[in-house]
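Numbering (the numbering used here), first residue to last: 899 to 1211.
Virtual Cβ for every residue (Gly too), placed ideally from N, Cα, C.
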Amino acid sequence: MNWFREWLLGPQGSTHAQSVDDLYVFITLLTIFFFFFNGGLIWYAVRKWRRRSAKEVTPHITHDTRLELIWSVIPLIVVMGIFLWGFNSYVKAWVAPNDAIEIVATGKKWVWQFEYPDGTRTLNDLHVPVNKPVKLVMHSEDVIHSFYVPGFRLKRDVIPGRYTELWFTATRPGVEQVFCAEYCGKGHSDMLARIFVDSPEQYEVFLREGDEQVRKMPLKELGKLVYENKGCATCHSLDGTRGQGPTFKGIWGHPVNAADGKQHEVNADYVRQSILTPQAVVVAGFEPIMPTFQGLLREREILGIIEFLKSQQ
Ligand code: CUA
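Following this line, the structure appears as structure tokens:
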């Protein structure tokens, strides 16, 4: 049965996944059974009691109490069983163990931000240790988002003005994909994050020194990665098309007109300022909607973006 489950639902990444999958596979098999059972009954009845001559008249049938009880009570028992099964699993998924590591997750158009107990912050990349319970305390800065991890079989809405929680124990080292599952505007389908399930040692190193790629990757490649993974791509195109923000194509070293009427040259200082205090200079014709990345990007990542911009001629 495992191959069927895996084919249907994908590999399991958390302790919670098994109970969701069991119930899901049970309901699927039950549905397949009743599809053929009901279809068979209909086929049988249609053949057995078909009209054989033009003179035949259907007798007047009002009801059959015994039959009606059977087809009401048996399904009732089955659906109540499904309800209790699901409720049990839901309660377990809702209440986090006391020793869970608490990480604050913030959704905003169109990035996920994470803050760890020691103050480390990351964007769109969440690191967690394997086999340890982790609790996310989540809220939104703008509209309703939804934090969805298919591999963990978990999803919970992220709502402005309210905290919601989601907890899991990751069981499979590697990377899990996170989706936003609540339509939140133009960048909704790009609102992706990754969960890196680390060994305890890797997790410690990450908290101390940051991602390995941030420390070691050549700047231009790092910049490209930051551009793709940290939300820049949602608003800034590379091919000159107009998005929510100005394109990155061919702006390096050229002047831009700001909304306040002044001109600014796109150089390293300008790019750095635009990332950290994006409202300081807003390019004419665009809305001041870019969030600040202060404290969210490491210094090397900003340098990476600058190098990457230089290459976009
Ligand atoms: Cu955030 Cu959809």
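Confirm the yes/no value for this check: CB of residue i, any heavy atom of the ligand CUA, distance under 7 Å.
i, result
"Glu1080", "yes"
"Met1089", "yes"
"Trp947", "no"
"His1152", "no"
"Gly938", "no"
"Val1037", "Correcting the residue identity first, residue 1037 is His in this sequence and not Val. Not under cutoff, so the answer is no."
"Gly1005", "yes"
"His1162", "no"
"Trp1008", "yes"
"His1043", "yes"
"His961", "no"
"His1025", "no"
"His914", "no"
"His1134", "no"
"His958", "no"
Below 8 Å between beta carbons: does that hold for residue i and residue j?
i, j, result
"Ile999", "Val1047", "no"
"Pro1027", "Asp919", "no"
"Ala1091", "Trp1010", "yes"
"Phe1077", "Ala915", "no"
"Cys1082", "His1043", "yes"
"Glu966", "Thr1004", "no"
"Phe1104", "His1025", "yes"
"Gly1202", "Arg1019", "no"
"Asp843", "Asp1023", "Past the boundaries of the shown model lies residue 843; the chain is included only from 899 to 1211, so the question cannot be answered."
"Ala991", "Leu1052", "yes"
"Lys1006", "Pro1189", "yes"
"Leu1179", "Pro1144", "It is worth fixing the name first, because residue 1179 is Val in this sequence and not Leu. The answer is no: Cβ separation not under 8 Å."
"Trp1008", "Gly1129", "yes"
"Ser987", "Ser912", "no"
"Phe1184", "Ile1173", "no"
"Thr1139", "Gly1085", "no"
"Val1041", "Pro1058", "yes"
Let me check understanding here. Comparing Cα to Cα, which of the options lies closest to residue i?
i, options, result
"Pro1015", "Leu1021, Val1002, Trp1008 and Leu1024", "Val1002"
"Phe985", "Leu921, Phe1012 and Pro1186", "Leu921"
"Pro1170", "Gly1017, Leu1195 and Gly1159", "Reading the sequence as shown, one finds Arg at residue 1170 and not Pro. Nearest option by C-alpha distance: Leu1195."
"Asn996", "Thr1067, Leu1207, Ser917 and Pro1144", "Thr1067"
"Asn1165", "Glu1126, Arg1070, Phe934 and Ser1209", "Ser1209"
"Glu1197", "Val1073, Phe935, Asn1022 and Val1112", "Val1112"
"Leu1117", "Gly1059, Leu1207 and Met1188", "Leu1207"
"Phe924", "Phe981, Gly1143 and Asn1029", "Phe981"
"Glu1099", "Val1154, Ser987 and Pro1071", "Pro1071"
"Met1115", "Met1089, Glu1199, Thr1132 and Gln1075", "Glu1199"
"Leu906", "Thr926, Thr913 and Glu954", "Thr926"
"Pro973", "Thr960, Phe1012, Thr929 and Tyr1168", "Thr929"
"Pro1186", "Thr963, Lys1160 and Gln1142", "Gln1142"
"Leu1136", "Phe931, Val977 and Gln1211", "Gln1211"
"Asp1088", "Tyr1101, Glu1126 and Thr960", "Glu1126"
"Pro909", "Gln1075, Trp947, Trp969 and Glu1107", "Gln1075"
| request: Please determine if the region 1052-1068 and the region 1033-1043 are in contact, where contact requires at least 3 C-beta pairs separated by less than 8 Å. | output: yes
| Can you give, in chain order, each stretch of the beta strand (DSSP E) that sits fully within the region 1067-1123 and has at least 3 residues? | 1072-1078 and 1091-1096
| At what residue ranges does the region 1024-1048 contain a whole run of the alpha helix (DSSP H), taking only runs of 4 or more? | Runs found: none.
| said: Three Cβ pairs or more, each shorter than 8 Å: is that satisfied between the region 1149-1157 and the region 1115-1124? | reply: no
| task | Mind listing, in chain order, the continuous alpha helix (DSSP H) runs of no fewer than 4 residues lying wholly within the region 1153-1193? | result | If only uninterrupted alpha helix (DSSP H) runs of at least 4 residues are considered, those enclosed by the region 1153-1193 are 1166-1174.
| Curious, which full-length alpha helix (DSSP H) runs of at least 4 residues does the region 909-982 contain? | Runs found: 915-946.
| task | Let me know the alpha helix (DSSP H) ranges lying completely inside the region 980-1010, each 4 residues or longer, listed in chain order. | result | none
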